[in-house]
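Protein sequences appear in the order of chains P and F. The numbering used here numbers the first residue of the first sequence as 120 and each following residue consecutively. The numbering used here numbers the first residue of the second sequence as 120 and each following residue consecutively. Backbone N, C-alpha and C fix where the C-beta goes; we use that ideal spot for every residue, glycine too. Every value quoted in this text rests on a predicted model; they were computed, and no experiment measured them. Here the structure comes first, spelled out in structure tokens, and everything after it is commentary.
There are 2 protein chains.
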Amino acid sequence: MSVRELGELGLIRRIREGGTGAPAAGVPVGIGDDAAMLAVTPGSALLATTDLVIEDVHFRRAWATPADVGWKAMAVNLSDIAAMGGVPRWALVALAVPGDTPSSDVDAFYAGLREAAAPHGVAIVGGDTSQSPHGWLVNVTLLGEHPGRPRLRSAARAGDVIAVTGSLGRSAAGLAVLELGADEARRRGVPGTVIDEVTRAHLRPRARVAEGQWLGAARGVHAMLDCSDGLATDLGHICRESAVAARVDLARVPIASGAAATARALGHEPIQWAIAGGEDYELLLTCEPGDAERLSADFRAGTGTSFTVIGEIQAGKPGIDWIGADGRPVPLPAGFEHFRG
Amino acid sequence: MSVRELGELGLIRRIREGGTGAPAAGVPVGIGDDAAMLAVTPGSALLATTDLVIEDVHFRRAWATPADVGWKAMAVNLSDIAAMGGVPRWALVALAVPGDTPSSDVDAFYAGLREAAAPHGVAIVGGDTSQSPHGWLVNVTLLGEHPGRPRLRSAARAGDVIAVTGSLGRSAAGLAVLELGADEARRRGVPGTVIDEVTRAHLRPRARVAEGQWLGAARGVHAMLDCSDGLATDLGHICRESAVAARVDLARVPIASGAAATARALGHEPIQWAIAGGEDYELLLTCEPGDAERLSADFRAGTGTSFTVIGEIQAGKPGIDWIGADGRPVPLPAGFEHFRG
């Protein structure tokens with residue numbers, strides 16, 4: 120059955136019934152009224168973020184299933200709340216699809232959303248549905264809570280070290296494989312396990328929610344944001360908002376092994392993917408230089424996630440010096456930017 | 120300059136600079152970080168609603184300016200908060216446009232949004248921007264506050280009277296004129312002042328925010344929602360959510376004079392526009408029968424807006440009987456529903 124046959128009211132009924140049925144915590148009024156009503160924990164500040172996910176801009180139906188689209192639309196918002204050190208709570212989901220879309224595709228989309236949301240206790244509390252004249256259009260707004268002072272992009276100080284969680288480049292490697300086709304990538308020598316790893320990283324990214332809360336509460340952390348547009352663009356945000364410069368040692372940037380293996384087989388430069396690829400959803404932060412070693416060890420012990428120092432913040436005009444193995448600056452392209460991408 | 124030449128970062132800078140510059144109330148962190156941080160008034164519940172506005176589904180560029188699109192995207196969300204009896208506070212605005220869109224069109228869109236938001240003290244605190252492969256895509260999420268128990272769709276009781284604020288049909292009349300073209304409508308005899316009135320009602324609807332707060336706090340009001348999909352569909356929501364039936368006297372439905380004048384000239388039935396047209400953004404409510412007369416008089420005195428009793432809620436299977444002048448049921452088409460519209 121298509122969504123046209125099901126109709127908007129039938130669709131909304133399915134979305135409501137697709138929930139657990141149990142009332143979510145802090146939701147006096149959920150899906151089904153003009154607005155959701157939510158009970159923010161006394162003493163907590165509210166966090167709010169929103170992200171568009173558009174067919175043929177953010178994904179292609181040729182390689183992303185409806186469940187992948189739902190997962191990622193939730194994950195990118197989870198990552199924004201994570202980057203503030205917050206606790207994700209409630210989501211509003213707006214979906215527009217062509218009238219001939221099978222209703223099972225819409226079911227799969229919400230199942231993917233819920234699968235990404237469930238481990239974090241996030242409930243879908245409202246949204247909107249509409250016909251789309253061209254392709255799928257998704258907008259997810261995620262609300263979260265924060266106990267106190269968040270880690271802002273504007274909080275970097277000259278002398279801070281720059282660190283990143285996990286490793287970079289896997290998502291861009293996955294996109295390269297998806298655009299090429301997995302069969303062709305295999306033919307060119309990318310191992311099957313690597314194909315699975317990098318495409319999954321692109322289609323089903325995991326937001327660093329626990330890591331963001333850990334770092335958000337840790338002494339010595341100054342600025343923090345998520346690496347969604349690529350290290351170059353995202354570190355640029357910190358520099359601009361904090362009115363500082365940055366220096367990054369390229370040799371210290373942690374390149375994901377899957378990205379390196381994919382790059383070898385396809386004849387790419389993995390450092391390009393790590394710096395300009397984006398969508399790895401790792402956390403990028405600056406901290407007191409004297410706290411870096413302790414933070415790194417405690418963070419790894421507390422979360423199981425790695426923490427790599429890649430450079431330092433310097434006084435100066437906003438901008439990034441990328442330093443090569445010979446200690447000299449290397450010219451590098453910018454990260455992803457919409458309308459210029 | 121196009122948004123492609125401006126780039127995403129340039130665009131976001133313009134959006135930030137387009138604000139008043141003054142920090143908005145209750146916004147410790149606004150546009151420019153991973154998420155906005157908001158201070159909900161202690162003791163208040165949070166309201167959250169979201170609405171898609173899509174080119175060639177919700178509007179046509181042939182007759183809606185970018186400022187109209189911005190205004191309406193804000194107004195439809197204001198109406199949802201109004202229908203809960205809440206106070207609108209903060210908006211997140213997601214906008215996707217083709218890369219060759221003039222940046223002045225984007226400026227005009229945000230100016231329209233702000234013009235609709237300003238009288239209610241609503242601040243734009245975040246959002247997202249993206250390239251669109253086809254046409255304009257807008258999603259606005261509006262957050263509000265509520266002092267206590269909201270008026271829900273599920274609160275109607277058998278014996279309640281049904282009432283509506285203001286009058287109906289003007290927006291549908293405006294859409295008919297816009298689709299026909301104002302010149303052709305004038306040629307067919309729709310007076311110029313009526314054309315201005317009905318097209319403005321469609322393009323620049325006014326949400327009943329003060330009226331919603333008044334009714335939300337008034338003794339005797341049970342269910343409430345906004346007439347966005349048309350009286351037939353919206354009263355159907357109340358019936359379904361409250362598990363009751365409804366009876367409406369067609370002769371009592373307040374038809375806007377501009378709708379009646381447009382219908383006369385164009386050979387339409389204005390009651391069809393009033394019942395199935397939608398987008399009038401009046402409030403539809405049910406209340407204790409013994410309170411209706413007092414509510415009507417006090418509401419008119421308190422807000423300057425009319426309040427018309429149009430029927431009553433009855434025990435029975437969800438559904439609406441439309442009663443004609445002869446006291447007998449009249450078959451009527453349903454209101455607007457996406458995917459079937």
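Whole-Å CB distance - LEU385 (chain P) paired with VAL309 (chain P), under 8 Å assumed: Within the first sequence, the letter at position 266 stands for residue 385 (chain P). Within the first sequence, the letter at position 190 stands for residue 309 (chain P). Rounded to whole angstroms, the Cβ separation of LEU385 (chain P) and VAL309 (chain P) is 7 Å, and the two are in contact under 8 Å.
Ranges of the beta strand (DSSP E) found wholly within the segment 264–306 of chain P, counting only runs of at least 3: Within the segment 264–306 of chain P, the complete beta strand (DSSP E) runs of at least 3 residues are 280–284.
Closest Cβ-Cβ distance between GLU136 (chain P) and chain F: below 8 Å? The count along the first sequence starts at 1 and reaches residue 136 (chain P) at position 17. No, its Cβ sits nowhere closer than 8 Å to a Cβ of chain F.
GLN332 (chain P) touches chain F at which residues, Cβ-Cβ below 7 Å? Residue mapping note: residue 332 (chain P) aligns to position 213 of the first sequence, counting from 1. In chain order: nothing, as chain F lies at least about 14 Å away.
For GLU298 (chain F), verify whether its CB is less than 7 Å away from any heavy atom of the ligand NAD. The ligand NAD is absent from the structure shown, which contains no ligand whatsoever.
Step through the CB atoms of chain P and report whether any lies within less than 8 Å of the CB of VAL159 (chain F). As a working mapping, residue 159 (chain F) is identified with position 40 in the second sequence. VAL159 (chain F) counts as touching chain P.
Quick one: which unbroken alpha helix (DSSP H) runs of 4-plus residues sit fully inside the segment 356–443 of chain P? Chain order, please. Taken in chain order, the complete alpha helix (DSSP H) segments of 4 or more residues contained in the segment 356–443 of chain P are 376–385 and 411–422.
Taking a contact to mean a Cβ-Cβ separation below 8 Å, would you say ASN196 (chain F) touches LEU261 (chain F) in this structure? For this step, residue 196 (chain F) is matched to residue 77 along the second sequence. For this step, residue 261 (chain F) is matched to residue 142 along the second sequence. The Cβ atoms of ASN196 (chain F) and LEU261 (chain F) lie closer than 8 Å to each other.
In or out: LYS87 (chain F) buried (at least 16 other Cβ within 10 Å) or exposed? The question about residue 87 (chain F) has no answer here: the residues shown for chain F are numbered 120 through 460.
Just to confirm before moving on: does the CB-CB distance between VAL122 (chain F) and SER223 (chain F) stay below 8 Å? Position 3 of the second sequence, counted from the first residue, corresponds to residue 122 (chain F). Position 104 of the second sequence, counted from the first residue, corresponds to residue 223 (chain F). No, these two residues do not count as a Cβ contact at 8 Å.
For ILE374 (chain P) and chain F, any beta-carbon pair shorter than 8 Å? For the purposes of this step, residue 374 (chain P) is taken as residue 255 along the first sequence, with counting starting at 1. Closer than 8 Å: no.
Just to check my reading of the structure: ARG399 (chain F) and CYS358 (chain F) have Cβ atoms closer than 8 Å, yes? What is that Cβ distance to the nearest angstrom? Sequence index remark: in the second sequence, residue 399 (chain F) carries index 280 (1-based). Sequence index remark: in the second sequence, residue 358 (chain F) carries index 239 (1-based). Contrary to the premise, residue 399 (chain F) reads as Asp rather than Arg in this sequence. Wrong, their Cβ atoms sit about 19 Å apart, outside the cutoff.
Taking only the alpha-carbon atoms, compute the straight-line gap between ALA411 (chain P) and VAL428 (chain P) and give it to the nearest angstrom. Numbered from 1 along the first sequence, position 292 holds the residue referred to as residue 411 (chain P). Numbered from 1 along the first sequence, position 309 holds the residue referred to as residue 428 (chain P). Put simply, the backbone Cα of ALA411 (chain P) is about 8 Å away from that of VAL428 (chain P).
Once the 5 residues before and after GLY460 (chain F) are set aside, which same chain residues still bring their CB inside 6 Å of it? As a position in the second sequence, residue 460 (chain F) is number 341, starting the count at 1. Confidence in GLY460 (chain F) is poor, its pLDDT being 43 and thus under 50, which makes the residue's placement too unreliable to answer from.
Could you pull the start and end residues of the alpha helix (DSSP H) that PRO207 (chain F) belongs to? Numbered from its first residue, the second sequence carries residue 207 (chain F) at position 88. From DSSP, PRO207 (chain F) is part of no alpha helix (DSSP H) but of the beta strand (DSSP E) over 206–216.
Using DSSP with H/G/I as helix, E/B as strand and the rest coil, what is VAL225 (chain P)? Counting from one through the first sequence, the residue named residue 225 (chain P) turns up at place 106. Helix.
Just checking, does the segment 269–285 of chain P make contact with the segment 333–350 of chain P on the three C-beta pairs under 8 Å criterion? With the cut-off at 8 Å, the segment 269–285 of chain P and the segment 333–350 of chain P touch.
ALA186 (chain P) lies in the beta strand (DSSP E); which residues open and close that run? Here residue 186 (chain P) is taken as the residue at index 67 of the first sequence, counted from 1. Looking at the DSSP string, ALA186 (chain P) is not in any beta strand (DSSP E); the run it does join, the alpha helix (DSSP H), is 185–202.
Given PRO207 (chain F), which residues of its chain have a CB within under 7 Å of its CB, disregarding the five upstream and five downstream residues? One-based indexing of the second sequence puts residue 207 (chain F) at position 88. So the list reads LEU197, ILE200, HIS239, VAL241, LEU261, GLY263 and VAL328, once near-sequence residues are dropped.
Since LEU451 (chain F) is in the alpha helix (DSSP H), which residue starts that stretch and which ends it? Along the second sequence, one-based indexing puts residue 451 (chain F) at 332. Where LEU451 (chain F) is concerned, there is no enclosing alpha helix (DSSP H), given that its DSSP letter is neither H nor E.
For ASP187 (chain P), collect the residues of the same chain with a Cβ closer than 8 Å to its Cβ; drop the 5 residues on either side in sequence, then sort them by chain order. Position 68 of the first sequence, counted from the start, is the residue given in the question as residue 187 (chain P). If we look at ASP187 (chain P) and ignore the five residues flanking it on each side, its Cβ neighbours are PHE178, GLY231, LEU322 and ARG323.
Coarse secondary structure for THR220 (chain F), derived from DSSP in three states: Start at 1 with the first residue of the second sequence, and residue 220 (chain F) comes out as number 101. Here THR220 (chain F) sits in coil by DSSP.
Considering Cα atoms alone, identify which of P:ALA395, P:ALA274 and P:LEU354 is closest to VAL148 (chain F). Position 29 of the second sequence holds residue 148 (chain F). Checking every option, the nearest Cα to that of VAL148 (chain F) belongs to P:ALA274.
Would you kindly work out how many angstroms separate the C-alpha atoms of ASP226 (chain F) and GLY162 (chain F), rounded to a whole number? Here residue 226 (chain F) refers to the residue found at position 107 when the second sequence is read from its first residue. Here residue 162 (chain F) refers to the residue found at position 43 when the second sequence is read from its first residue. If I take the Cα positions, the gap works out to 37 Å.
From P:ALA192, P:CYS406, P:ILE131 and P:GLY189, residue whose alpha carbon lies closest to that of ALA473 (chain P): An answer regarding residue 473 (chain P) cannot be provided, because it is not within the stretch 120 to 460 covered by chain P.
With respect to the alpha helix (DSSP H) encompassing HIS321 (chain F), which residues constitute its N-terminal and C-terminal limits? For this step, residue 321 (chain F) is matched to residue 202 along the second sequence. It spans 311–322 - the alpha helix (DSSP H) in which HIS321 (chain F) sits, taken as one unbroken run.
Considering only the beta carbon of each residue, do GLY288 (chain F) and ILE374 (chain F) sit closer than 8 Å? Counting from one through the second sequence, the residue named residue 288 (chain F) turns up at place 169. Counting from one through the second sequence, the residue named residue 374 (chain F) turns up at place 255. With a cutoff of 8 Å on beta-carbon distance, GLY288 (chain F) and ILE374 (chain F) are scored as near each other.
Does chain F have any CB closer than 8 Å to the CB of LEU271 (chain P)? For the purposes of this step, residue 271 (chain P) is taken as residue 152 along the first sequence, with counting starting at 1. Chain F places a beta carbon closer than 8 Å to that of LEU271 (chain P), counting this residue as a contact.
Give me the residue from P:ALA202, P:ILE134 and P:GLY205 with the minimum Cα distance to GLY189 (chain P). Position 70 of the first sequence, counted from the first residue, corresponds to residue 189 (chain P). Looking only at P:ALA202, P:ILE134 and P:GLY205, the smallest Cα-Cα distance to GLY189 (chain P) is reached by P:ILE134.
Tell me, please, whether the segment 380–394 of chain P touches the segment 349–363 of chain P by the rule of three or more beta-carbon pairs shorter than 8 Å. Using a C-beta cut-off of 8 Å, the segment 380–394 of chain P makes contact with the segment 349–363 of chain P, since at least three inter-stretch Cβ pairs fall below that distance.
For ILE254 (chain F), name the three-state secondary structure that DSSP assigns. For the purposes of this step, residue 254 (chain F) is taken as residue 135 along the second sequence, with counting starting at 1. What sits at residue 254 (chain F) in the sequence shown is Gly, not Ile. Look at GLY254 (chain F) here: in three-state DSSP terms it is coil, with no helix or strand label.
Whole angstroms are fine: how far does the CA of GLY218 (chain P) sit from the CA of PRO252 (chain P)? Along the first sequence, one-based indexing puts residue 252 (chain P) at 133. Along the first sequence, one-based indexing puts residue 218 (chain P) at 99. When rounded, the distance between both Cα atoms is 8 Å.
Would you report the Cα separation of ALA202 (chain F) and ASP153 (chain P), rounded to the nearest angstrom? Here residue 202 (chain F) refers to the residue found at position 83 of the second sequence. Here residue 153 (chain P) refers to the residue found at position 34 of the first sequence. Between ALA202 (chain F) and ASP153 (chain P), the C-alpha separation is close to 7 Å.
With the cut-off set at 8 Å, would you say ALA167 (chain F) and VAL244 (chain P) are in Cβ contact? For the purposes of this step, residue 167 (chain F) is taken as the residue at position 48 of the second sequence. For the purposes of this step, residue 244 (chain P) is taken as the residue at position 125 of the first sequence. Yes, these two residues count as a Cβ contact at 8 Å.
The alpha helix (DSSP H) that contains ALA337 (chain F), what's its start and end? What you label residue 337 (chain F) is simply residue 218 of the second sequence in a count that begins at 1. Unbroken run through ALA337 (chain F): none, as it is neither H nor E.
Which of the three DSSP states is assigned to HIS341 (chain F) in this structure? One-based indexing of the second sequence puts residue 341 (chain F) at position 222. Strand.
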